[in-house]
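I have placed the structure first, in the form of structure tokens, so that the comments after it can refer back to it.
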Amino acid sequence: SGINAEYGSSVSTQSTGEVEVMCRWRYVEPTIVTGLSHDSDLVMRETFAPILYIVPCEDFEDAVAINNEVSQGLSSSIFTTNPEYIFRWVGAGGADSGICNVNIPTNGAEIGGAFGGEKETGE
């Protein structure tokens, strides 16, 4: 299927095409998954687990579009050295999320300040 766990838990693809991250005793190891399409169920659903999926994109605009097509929008991150991309990510037409991070990971609920989401996460 081309879907791989590069680190952590193993993954399998069900006959329905759904990707499943295997866990043991209700514990999912921190896992990096590659080979997913941007509309994979693992990408599209809100997953409360330490899973990082790497989705290839053509350019910055494609990355924003892929980020914004999910129905949740609590937080997002961009990793770049390009100041133009930073301002476009956090500005109008950029990431459709309540919290926009730059060059730091997101855990979904950054402690230390008020936060809120967009789309289904903000309702």
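Anchor point for the sequence shown: position 4 equals 6 in our numbering, and the numbering is continuous, going up by one each time. Backbone N, C-alpha and C define an ideal beta-carbon position, used for all residues, glycine too.
Cβ distance (whole Å) where residue 29 is taken to contact residue 44 below 8 Å: Actually they are not in contact, since the Cβ atoms of residue 29 and residue 44 sit about 18 Å apart, beyond 8 Å.
query: Based on the DSSP secondary-structure assignment, which residues constitute the bridge partners of residue 80?
result: 104
Option in 107, 92, 77 and 83 with minimal Cα separation from residue 100: 77
message: Quick test of your reading: residue 23 and residue 33, contact by CB under 8 Å. State the CB separation rounded to the nearest angstrom.
response: With a beta-carbon spacing of about 6 Å, residue 23 and residue 33 fall inside the 8 Å limit used to define contacts.
message: Quick check: what's the CA-CA separation for residue 173 versus residue 61?
response: Only positions 3 to 125 of the chain appear in the structure, and residue 173 is not among them; the question remains open.
query: For residue 123, does the three-state DSSP call read helix, strand or coil?
result: helix
- prompt: For the putative contact between residue 91 and residue 80, defined by C-beta atoms under 8 Å, what is the C-beta separation to the nearest angstrom?
  reply: 5 Å
message: Determine whether the beta carbon atoms of residue 75 and residue 98 lie at a separation below 9 Å.
response: In this structure, residue 75 places its C-beta atom within 9 Å of the C-beta atom of residue 98.
- prompt: Among 122, 38 and 85, which one has its Cα closest to the Cα of residue 70?
  reply: 122
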